[in-house]
Every structure is written in C-alpha cells, then in structure tokens.
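Contents: one structure, followed by commentary.
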Amino acid sequence: MSDGYIVEADLRRVPALWPEVVIVGGGVAGLSAALAAADAGAQAAVLVKQSMTDSNTFHAQGGIAVAVAPGDSVGKHVEDTLAAGADLCREEAVRSIIADGPERLHDLLEWGAIFDRDGAGLAFGREGAHSFRRIVHAAGDQTGRELVRVLQARVEAHPRVSVLQNTFSVDLLHSGGAVWGVLAVDASGGLLAVYARATVLATGGVGAVYRESTNPEVASGDGIAMAARAGALLEDLEFVQFHPTTLYMAGVKRHLISEAVRGEGAYLLNTRRERFMGAYHSLNELAPRDIVSRAILSEMSRTNSPHVYLDLRHIQPQRVLSRFPGIAATCSNYGLDITKDLVPVRPAAHYFMGGIRTDMEGRTNVERLFACGECACTGLHGANRLASNSLLEGLVMGRRAGLAAVGLSDPGRFPLKSIGPDERPVDIELDVADMAASLRSLMWRQVGIIRSGDELASALRALHYWRRYVLRCRSAERGVFVLRNMLTVAVLMSAAAFQRGESRGAHYRTDFPNALDEWRIHQTFALKDVL
Ligand code: SIN
227 MSDGYIVEAD LRRVPALWPE VVIVGGGVAG LSAALAAADA GAQAAVLVKQ
277 SMTDSNTFHA QGGIAVAVAP GDSVGKHVED TLAAGADLCR EEAVRSIIAD
327 GPERLHDLLE WGAIFDRDGA GLAFGREGAH SFRRIVHAAG DQTGRELVRV
377 LQARVEAHPR VSVLQNTFSV DLLHSGGAVW GVLAVDASGG LLAVYARATV
427 LATGGVGAVY RESTNPEVAS GDGIAMAARA GALLEDLEFV QFHPTTLYMA
477 GVKRHLISEA VRGEGAYLLN TRRERFMGAY HSLNELAPRD IVSRAILSEM
527 SRTNSPHVYL DLRHIQPQRV LSRFPGIAAT CSNYGLDITK DLVPVRPAAH
577 YFMGGIRTDM EGRTNVERLF ACGECACTGL HGANRLASNS LLEGLVMGRR
627 AGLAAVGLSD PGRFPLKSIG PDERPVDIEL DVADMAASLR SLMWRQVGII
677 RSGDELASAL RALHYWRRYV LRCRSAERGV FVLRNMLTVA VLMSAAAFQR
727 GESRGAHYRT DFPNALDEWR IHQTFALKDV L
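Position one of the sequence shown corresponds to residue 227 (the working numbering), numbered consecutively onward.
This is the structure we're talking about:
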C-alpha cells in the first residue's frame, strides 16, 4: 500500500493500455490536447467520464472571446481581462493566451466550425466587463455544442487518437513525484490501468460541489483531487465565479441563462418589478458577475423572494429568438415565452478560477503530469474570469499541453505492484446521495457568494469530519469515489477561502469587505497543507 490513493488494486491483475499520452477529459481542452499530441506524432488516448455531451464545454452558451473584430485589439482584450481579474491575473499568462486567440479561431474555421455571421463577417456578442463586442458564437447560444461537434469529429477521424467514453479516471498512478498514467473504472465497471509517458488532466471544474450550479454533475473536481493526492500544487482555490442568472423554478434543473442576454439589453427586475442594478454599479446589468450576483442576493433578501427576473420584453422578439434559440426552447418547456414573460433567475456556481498550478505549457510540479482548461490554474483569470475567456483558454492551453506532452522519455515500469488508501477500510453504510446533498448545501450556504471567517471555519470542521469517514468507508462504488473527490476539493477550497482575509473579485468576506494590498498574492496549497 502507498500514500495518496482512493482505489485499492493489485496492479498485476488489472488490464492495461499503453498509449504515449493519456488525456483525461473530453471538453475543449482535452480534445485540443489530444489533437495536438496526435498531430505531433504521439499515440493518444482520451478518457471521458461519461459521454462527450457531459462537459462544461458542451453546455457553453456565450462563446469564445477573441480580439478579431474590426477596431478591437489584443491589447484591449488584455486590459479587460486584467481589470476583471481584480489585480490578481498573471500578466504573462493573460498576454500570451489572448495573443494566441486569433490563430486558434482560424484553426476552428479551417476545421469547419460554423460561427454566426453578420453579413460576410463574423457576428460578435457582448458580455459583462468587455469594452468591446468580441464574443464569437455559434447557433445563437450553442457555441459549446459546435465546438464539441468540430473537435470530436476531428479526434474520431484521427488515426492516432482513441476515445474511451464512460471511463472514469479515479487515481493517478504516481510514485516519488512522477506520474505513470491513470487508473480508471471502465464502462463495464472494471478497473483499467492506462500507462503513458505523459498524463494530461483536462477534467473541468468543481461546480457539482454546490447546490446551485450551472455545471453538469460530472464537474466534481476529480482531476484536481487526484492531482492533489499525487502531490500537485494547487492555486487560487478560493476563487469561484458565480453566474448571476440561472433559471429558477422549483424542481427544475438550474439552466444557465447566458450573460449575452443582458449583453443584448435584457434588464434585471426584482419581484416588485423594479429595475435595480443602477443602484449597485454604473455598468448596470453588465457589471462584473460578482457584483451582479451579490446585488441579486440583496434584492432577493429585500423582497423576501427566491429569485429576481430577467426581462427581455422590450427587445425585438425576432432578435431574441434568433440570438437565443436554445434558451427560448428550454424556457418554453416550462411554459415561459421569453419574448413575453419575465424569466425567474438567481445566481449559481459557474466557473472555477483556481486549480492545478501550471506553467504556460501546462506543466505541473509533478513530473510527467500536465493540466489544462478549467482544472488548471495559469493565472489568466485572476480573482474573477472575464466572460468567454474560458473556451479561449481551453483551446490555447489544451493545444500547448498536448504538444508539451509529446516526446518524453520512457519512464520504465511503474514501481508499485499494489496501491490503496492508507487507512484500514471499515464497513460503514453510506447514503451517497444524502452525503452529496449535505455537502452541496453546506458549500452553497457557507462557502458561497457571501462568506465569513466563522462560517468558513465551521464548514471546514464539518468537511474534515465527513471526509475522514467517507475515505475510510469500504466501497469500490463509483459514487463513493466521486464523493471522496468532492470532499477533498471542498476542504481545499474552504481552507483557501478561510485564509484569504480580504474581499477580492469573486471572493467576498463580510468580515473583510475590502481588498487589501498585502493580499495581492496567489495562495498555493498542497493537499498535505490542509489535512
Ligand atoms: C454565459 O453565456 O453567460 C457564460 C459565458 C461564460 O461564462 O464565459
């Protein structure tokens, strides 16, 4: 047995694959990494937790922020990104990722991506905190689907890429500060070892640890948790972006209502039908997301209501329906005509600015381990991500990580014959659904949009306690592995939020309501620092 595993396995009995590069995740970053590695000559395997349609990429509505509109420039896009990031972006990352945007957009167009047009040129949308209309979008509000369509087709047609869907990667095969690949639960429920010279994590974010979330269930922080167990350094874990507007109806999944809707002029009204954003920020409905989210909570509390409204009734109906066909269809399933009815909305967890610390090629501090996309932290987003910069980062950093992962030397045989948790397992009857619901509620109430030292300290006590017995539970059930990962990332995020004694960007503390100069720093954690 050895440290840092949640699966128990005798590796001599586990079936194995040996690609040169293994990529975990089937969103924009993972597929871009696979294509880059395979184009550079490597045999690449992509492991996807569920299907290609279960990713934050697939559900992305807004689009890709790229500085290609007439009059726009990389410099202006950089300025907007730095301003949104509340003095915490890594300027080198911002400049380098944004500068690559036009080339990556060019690739997508070459590969057959169909983006919305305005006459002969591309149509550009606007979202909060952008000084320019620069968001490239597809089928109105279905940019993510189009990206997945194009990238998936290319990956599937590539002779050097294999894709394994319904394959849940649970642990990195690691020893002595290096990684040899991953251990996964395959579609049949059996274990599968995938040994590789390089491992690229592109597992997405952590939205599933919150009760209110725009993310699909698969976004449970698995890559971040397994990297942490393998000794990876993590950064900016206190910064979670809450999206101001998700559809709120009792019993209905929290569908995202894109910020592009406000970009097209929609108003926010409280339940007394009063427009309120003017009282909170000069940019009104297009203020930064943290400000809009807190304003909505304040109006909900002032009016004693579980939601506010989005109002599109003054926008030309034809324009609404052609720009937002997906949102219109979703709302109409619940009897709402978005051209005539007010749409009930409230904030939800949306994007994780923190993650596995990487350099500008996706390298982590662990040998042979790379990370890209939402699970990684390059410093592009700082304390608050500029809308639609995440698909851009996935395209740019996925490609870079895929290229950097090619051509590593043969690491030799994995040195461990068996792996498993440190602690002796005990027979506990665990209600996985109940535990997950408790975790999500606690994160939403105490590590959510508005935080305080006391609430964070109490959340940490509960999370540590729960994590201890969930780790010890004797179970090889997929749901228990997911729960362990969720608890691990929740502990890390809460510890980081507790430590940061100020408010900055998406991290707001009632006991420290201002940004402080001495906190213009990134917090870096290893798992051992918080246990
Ligand atoms: C949205 O469409 O509002 C989401 C876009 C993003 O989060 O980048």
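Glycine included, C-beta positions come from ideal geometry on N, C-alpha and C.
In the DSSP assignment, tyrosine 695 falls within the unbroken alpha helix (DSSP H) covering 679 to 698.
Serine 548 sits away from glycine 288, with the two beta carbons spaced by 7 Å or more.
For glutamine 287, the distance from the CB to the nearest heavy atom of the ligand SIN is below 6 Å. Spanning the alpha carbons of methionine 526 and phenylalanine 738 requires a straight line of approximately 23 Å. Classified as exposed, histidine 332 has fewer than 16 neighbouring CB atoms from the shown chains inside 10 Å of its CB. Shown here for threonine 429: same chain residues with a beta carbon closer than 7 Å to its own, the five before and five after excluded, namely Val250, Gly251, Asp448, Gly449 and Cys601 in chain order. Leucine 409 and valine 396 do touch by the CB rule: their CB atoms are close to 6 Å apart, below 8 Å.
A direct Cα-to-Cα measurement between arginine 480 and valine 294 gives close to 33 Å.
At a Cβ-Cβ threshold of 7 Å, valine 632 and alanine 268 count as neighbours. Here aspartate 648 carries a coil assignment [DSSP, helix/strand/coil]. CA-CA distance, leucine 473 to histidine 690, rounds to 33 Å. Residue ranges of uninterrupted beta strand (DSSP E) with 3 or more members, entirely inside the segment 379 to 463 and ordered along the chain, are 387 to 390, 394 to 401, 404 to 411, 417 to 421 and 424 to 427.
Listed as beta-bridge partners of arginine 730 by DSSP are His733.
Assignment of beta strand (DSSP E) within the segment 249 to 335, counting only whole runs of 3 or more residues, yields 270 to 273 in chain order. The residues Ala293 and Ile324, in chain order, have a CB closer than 6 Å to that of histidine 303 in the same chain once the five nearest residues on each side in sequence are set aside.
In the structure shown, cysteine 603 falls within a strand segment according to DSSP collapsed to helix, strand and coil. Assignment of aspartate 660 by DSSP, reduced to helix, strand and coil, places it in the helix class. In this structure, the alpha-carbon of leucine 568 lies about 8 Å from that of leucine 562. Set against 6 Å, the gap from the CB of glutamate 485 to the closest heavy atom of the ligand SIN is smaller. Of the candidates His748, Arg677, Val673 and Ile747, the residue whose Cα lies closest to the Cα of valine 432 is Val673. Residue pairing from DSSP places alanine 574 in a beta bridge opposite His469.
By the beta-carbon neighbour count (other beta carbons within 10 angstroms, threshold 16), glycine 345 is exposed. Leu427 is the residue among His400, Tyr231, Ser678 and Leu427 whose C-alpha sits nearest the C-alpha of arginine 625.
Shown here, alanine 235 sits in a strand according to DSSP, grouped into three states. Scanning its chain for C-beta atoms nearer than 6 Å, with the 5 sequence neighbours on each side dropped, one finds around phenylalanine 341 the residues Leu348, Val362 and Ala364, in chain order. The closest heavy atom of the ligand SIN lies less than 6 Å from the beta carbon of serine 614.
Our two residues, glycine 646 and arginine 501, have alpha carbons roughly 56 Å apart in a direct line. DSSP places alanine 723 inside the alpha helix (DSSP H), whose first and last residues are 704 to 725. Three or more Cβ pairs drawn from the segment 582 to 599 and the segment 448 to 464 lie within less than 8 Å of each other, which places the two stretches in contact.
Serine 439 is classed as buried because its beta carbon has at least 16 other beta carbons within 10 Å across all chains shown. No Cβ-Cβ contact shorter than 7 Å links valine 717 with arginine 698.
Within the segment 495 to 564, the runs of alpha helix (DSSP H) at least 4 residues long that lie entirely inside it are, in chain order, 515 to 528, 543 to 549 and 551 to 559.
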